[in-house]
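Student: Structure incoming, see below.
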Amino acid sequence: MSKNNKQVWLGTDQLESSAEYVKATDNEVAQVTTQDLESPRLESSRRDFLKYLGFGMTAATIASCDIPVRKAIPYVSKPDTIVPGVATYFASTFAQSGDYVPLLVKTREGRPIKVEGNGMSPITQGGTTARAQAAILGLYDTSRFDGPYRIIEGKATSDRDPSNNDGWDIIDGEIMGKLTAGSQIRVVTHTLMSPSTLEAIAEFKKAYPNTEIVQYDPVSSAALLDANQATFGKRAIPTYRFDKAETIVSFGADFLGTWISPVQYARDYVQGRKTNQARMSRHIQVESGMSLTGSNADNRIMVKPSEQGQAILALYGAVVGGGSASLSGAVAEKIAAVGAELKRNRGRSLVVSSSNNLGEQLLVNAINEALGNYGSTIMTDKWSMQRKGDDKAIARFASELEADTIDAVFVLEGANPVYDNPWGATIAANLSKATIAVSLSGVPNDTSVLCNYVAPDHHFLESWGDVEAVEGELSLIQPTITPIFASVGRAGTRQAGESFLIWGKSATYQPDADQPYLEFVKSVWERTAYNRQSGFTAFRSFWDSALHDGVVTLGGGTPFTASTDAEAVPLAAPAAFNQGAVAGAMQRVNVQGTGQEVSFSETINVGNGVFANNPWLQECPDPVTRTVWGNYLTIPVKWEGGNSYTAYNDLNAEEYKGKADIVSLRPGGDKTPADVTVVRQFGQLEDTFSIAVGYGRKVTGMSGRAIGHDIGVNVYPWLPVVDGYVQYYITGAEVSGVVDNEEEFASVQYHHTMGLTTKNEAGAMVYYDRHTGETVEYDRPLTDEEKEHLEPFHVDEKTVMELGEGMQGGLTKRSIIYQGTFAELGELKGEIKERREEAQHLNEQTLYPYEEYAENIYGQGHWWAMHVDLTACIGCAACEVACVAENNVPIVGKYEVWRHHEMKWMRIDRYFYGDVENPRAVYQPMMCQHCDNAPCENVCPVNASQHSNEGLNQMIYNRCIGTRYCANNCPYKVRRFNWLDFTTGDLFSSNEPSVQDEELAFGADNLTRMVLNPDVTVRSRGVIEKCSFCTQRLQAGKLTAKVEGRRLRDSDVRTACQTACPTGAITFGDRNNKQGEVAAKLNNPLNYLALEEVNTQSAVFYAARVHNPMDELV
């Protein structure tokens, strides 16, 4: 394997520096032609615009003669909680399809506009995910059902006038009329963590005793649950303490991204990765394709998906003894070394696996038991309820449908059994055999269109409810807005639990109450949770405290789970480890496959497909591949079978822009092949491929308004089932040659690169000499001999390689990424110090001494700064989506991303380093650096870009005339230009691009625009925008401090990216406050400024990336 230890790169093209690549990236800024500006997806050209403008000037003149009539409609009785211009926060919980994040929901004038993590939660501790941040957009989805409907021929048709509030009575009557006491009823759902909903279904079951709950997970953990049932007598998941483990071994488990409880695990994981501690944990990932967790690992051992079981068996032999694994010599040696490392850290180690093979999970349990991890790094006093799915249950449901033994099916919100499991085709073909099928989904999906009725559930922000994600750890869901459609004269949505109470004619249901379901939830809590706590003597006080905090901890791990959910009811204490359950585990391990293999994974954005209709998530780049709006087949960088493919490229030159090969993937057997775009990916094992689930949905909303339909390929039908468990890989797959070409391949891999040029001032090409390690310059073509050791010196992304003399002012180095090992921490600190001193010496050669300037400007007031710890940053993108939600950042769609027009204020650059075939990665959040010596400010002809006396680089939108000089002059490439009216805010609808060919441009309707933050200006076409350090939050903090008669504190203001981060990688504050958190972190010797040698005097400090590899595995 080739090594590039001194080199950091973004992708294959940059690493190889082909002639086409060099030509494409000579310009930092994407070249835009007149044809680009006149997008074929716009209704009008620029010439049309000029014609409209002539008419518009006349029309505007005439219209200005009339005084517009406007009416201010005040509240008849203003709610006590609403103060105009002042935000109100409510505690709630995001829990969908296994995701769990307690939240604080920010509302303005009665409408939710932003979510933050609830810091009082002992599980997530204030962290969030990208999906939780984007969930608020679903509240304002124009495709939501506005009431109950019949479904006829796949279309929702109302039997009532939309203004008729008796619609629910009609639908309820028809549903109950088709149910009898003897009906065989199935309630199909993803993992259900709500005790009150389970209690409501129990009430329903009293009327219909043959009701069964079918719980399944699209990405299943059934084998893990069954293994724990066998070894501990509990079908649940213990609490993994990554913060207490000094050696972590993961077999395919993406615990930082999507596995079980990523927010909780990420927060704990980073606690063991502090560079100021005496020890740093060591993380080893065993996988075939690079996952988010694998990209953060200290070492990766690459094995085929079918070899993962053999690797677990080999580790079992190394730790416990016994068993014989079939592995190659090199991999076997590495596994043996890992086993020795684990034994050196008995009781301080942790082994986890995402395998859905029962034998493999039993062996993992046995390894942890032999290492003494239970009770130290794996806690069995509180068990997680975040996965309850049973593969055999959903398979049995499909068989019962096919056998026509089910009378009624109820499908809860989020579940989409026609789509998100291997039995989907069987369910789709036989669902009509049931007498009645009812979908409770709030948005049309692949299953709802095949049902007889839709009884739509509220969005969680309109709901009352509760969640028990971990035994004894409760969180509440409370409404933050009146149900939207019920408030506009339509029948509206209704909570699923309330529907079951009505259909079951429950005696506990109080229809005359102001909020019937609230009363039911309170009654459940009073009977159960209140009686299991000792802190309050009155239920009202207990309930009010729970509503305020949003979370409740019951002492002693006391479970609070409805008795109807038999599988999830824990025992009073776990049984002792049952060693006998492991006896036959070795024979259950998956056998090693042959041929090419494909693994299936879940992305951090659209997940298992539930969020496919959320454009914030579709346009959130995958952290590893950096692709958007689709799933792609990742292939190895070096693979003989892929030599005929061209690497995907998304560069500046027209002839080299945005093209990717499409191949036919044949999964084997009777599975239907599919055409899929290929992406070369570092860290992908030879003869293996990876592709994400959650794409290829056919129904994601109302026709003409649906975003997310037909994007990517649906791979759920390809998933094999072995011994009753869904397997997330296939063997014997075949990949064809190129069958087509995707012209509009949307990847941000090479967008907004930070660099200089590949030419010197005289125009000669600069080359890197591999023999001498220096640069040379030629103004002639290279000879064949020279080409063997000279490569075009591309400084756009080869960011840490040395520059030759004479390169733009004699710069000697580029300081974007610093990385090193924990064992050589002193050397890394010395290198950073030396290079910073060099840059500072260069920067001191000026007529304007910076220290004197800073003292004069910032000496008395605030001096805002940000600190980003690259060792703590895992690339999860929660900050990126939070920035979109907070700052009204536009979504532009796949086509505009392909044209380099994405508008993200914050991007997360991903760099590789180390072994070319199996590299490590480092993630770097890159936003406006708020430079004190900002190049953008000097070139603006209208002074639209200014510097405040608190160190902020500010944009004055109504001054900006769109020259884009500032974007060209920004070395960090963090300024965004509104090429079109992405926010649908100006007067010409023809300037509004569609995100996915929807009838009405995304954001153009009043419902979607309710998500906009009123504290942040909505930008129009022709304006530059960028990160503002959440200046609106700064202003709010100042006003609060003023009202309270005190000075603004660091803790008063936290940026959106900072609050969203699950690992605490981002810190914002006043560097003049010497007692503040930022001031303390600025003393870290690992700190540096990106491109410090350019003398921009950035306000964003980065701490170098540190890893802790095992030498035996390097």
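Plus 12 on top of the position in the sequence shown (first one is 1) and you've got this note's numbering. By construction, the Cβ of each residue, glycine as well, lies at the ideal position given by its N, Cα and C atoms.
1) Give the single residue among Phe551, Phe106, Gln137 whose Cα lies nearest to the Cα of Val127.
2) Given this structure, state the Cα-to-Cα distance separating Ala965 from Cys978, to the nearest angstrom.
3) Determine the DSSP secondary structure at Thr1052, reduced to helix, strand or coil.
4) With a 10 Å radius around its C-beta and 16 neighbouring C-beta atoms as the bar for buried, classify Lys346 as buried or exposed.
5) Sort out for me which residues DSSP pairs Met188 with in a bridge.
6) Where does Val563 sit, in a helix, a strand or coil, going by DSSP?
7) I need the straight-line Cα distance from Ser960 to Leu1103, nearest angstrom please.
8) Any idea what DSSP makes of Phe589, helix, strand or coil?
9) Where does Gly334 land, buried or exposed, given buried means 16+ other C-beta within 10 angstroms?
10) Going by Cα to Cα distance, which pick from Thr1020, Leu697, Pro983, Leu370 is closest to Arg156?
11) Pro937 lies in the beta strand (DSSP E); which residues open and close that run?
12) Label Lys256 either buried or exposed according to how many other C-beta atoms from any shown protein chain fall within 10 Å of its C-beta, with 16 as the threshold for buried.
13) Closest to Tyr762 by CA distance: which of Lys710, Glu864, Gly706, Glu914 is it?
14) Quick check on Ser208: does DSSP put it in helix, strand or coil?
15) Alpha carbon to alpha carbon, how far is Pro456 from Thr712?
16) Nearest-angstrom Cα distance between Tyr542 and Ser475?
17) Nearest to Gly596 by alpha carbon, out of Arg919, Ala193, Asn369?
18) Note down the Cα distance separating Asn1099 from Leu452, rounded to an integer number of angstroms.
19) Going by the beta-carbon positions, is the gap between Val901 and Trp875 smaller than 7 angstroms?
20) Identify every run of the alpha helix (DSSP H) within the segment 673 to 708, keeping only runs that are complete inside it and at least 4 residues long; order them along the chain.
21) Rounded to whole angstroms, what's the CA-CA distance from Asp478 to Trp180? Just pull it up for me.
22) Under three-state DSSP, which class holds Thr1020?
23) Along the chain, where does the alpha helix (DSSP H) that runs through Pro277 open and close?
24) Under 8 angstroms by Cβ, that's how I've got Tyr228 and Ala498 pegged, so tell me the actual separation to the nearest angstrom.
25) Using a Cβ-Cβ cutoff of less than 7 angstroms, which residues in the same chain neighbour Val350 once the five nearest sequence positions on both sides are dropped?
26) Let me know the secondary structure DSSP gives Asn311 once reduced to three states.
27) Give me the Cα-Cα distance between Met314 and Gly301, rounded to the nearest whole angstrom.
28) Just to confirm the assignment: which complete beta strand (DSSP E) runs, minimum length 3, are found wholly within the segment 291 to 351?
29) Can you say whether Lys316 is buried or exposed, counting buried as having 16 or more other CB atoms within 10 angstroms of its CB?
30) Assuming Cys895 and Ala672 form a contact by the criterion Cβ under 8 angstroms, report the distance between their Cβ atoms to the nearest whole angstrom.
31) Measure the C-alpha to C-alpha separation of Val691 and Arg976 and round it to an integer number of angstroms.
32) Would Gln320 be called buried (16 or more neighbouring beta carbons within 10 Å of its own) or exposed?
33) Please determine, among Lys985, Val231, Asp993, Pro491, the residue with the shortest C-alpha to C-alpha distance to Tyr741.
34) Where does Ile213 sit, in a helix, a strand or coil, going by DSSP?
35) Could you check how far apart the C-beta atoms of Tyr252 and Val364 are, in whole angstroms? I think they sit under 8 angstroms.
36) If you follow the beta strand (DSSP E) that Tyr923 is part of, which residue opens it and which one closes it?
Tutor: In this structure, then:
1) Phe106
2) Here the sequence assigns Asn to residue 965, which means Ala is not the residue at that position. Roughly 12 angstroms between the two C-alpha positions.
3) It is helical.
4) buried
5) Beta-bridge pairing links Met188 to no other residue.
6) strand
7) 22 angstroms
8) Here Phe589 sits in coil by DSSP.
9) exposed
10) Among Thr1020, Leu697, Pro983, Leu370, the Cα nearest to that of Arg156 is on Thr1020.
11) 932 to 938
12) buried
13) Glu914
14) helix
15) When only Cα atoms are considered, Pro456 and Thr712 end up about 6 angstroms apart.
16) Each residue's CA atom was taken as its position, placing Tyr542 and Ser475 some 21 angstroms apart.
17) Asn369
18) 52 angstroms
19) Not in contact: Val901 and Trp875 (Cβ atoms no closer than 7 angstroms).
20) none
21) Put simply, the backbone Cα of Asp478 is about 24 angstroms away from that of Trp180.
22) helix
23) Before going further, note that residue 277 is Tyr rather than Pro in the sequence given. Here the alpha helix (DSSP H) through Tyr277 covers 274 to 283.
24) So it is not a contact: roughly 31 angstroms between Cβ atoms.
25) So the qualifying residues of the chain are Val261, Ile296, Leu327.
26) Strand.
27) 8 angstroms
28) 294 to 299, 311 to 314
29) buried
30) With a Cβ gap of about 28 angstroms, Cys895 and Ala672 do not count as contacting.
31) 32 angstroms
32) Buried, by the Cβ-count rule.
33) Val231
34) helix
35) Contact flag correct, Cβ pair sits at about 6 angstroms.
36) Start and end: 919 to 927.
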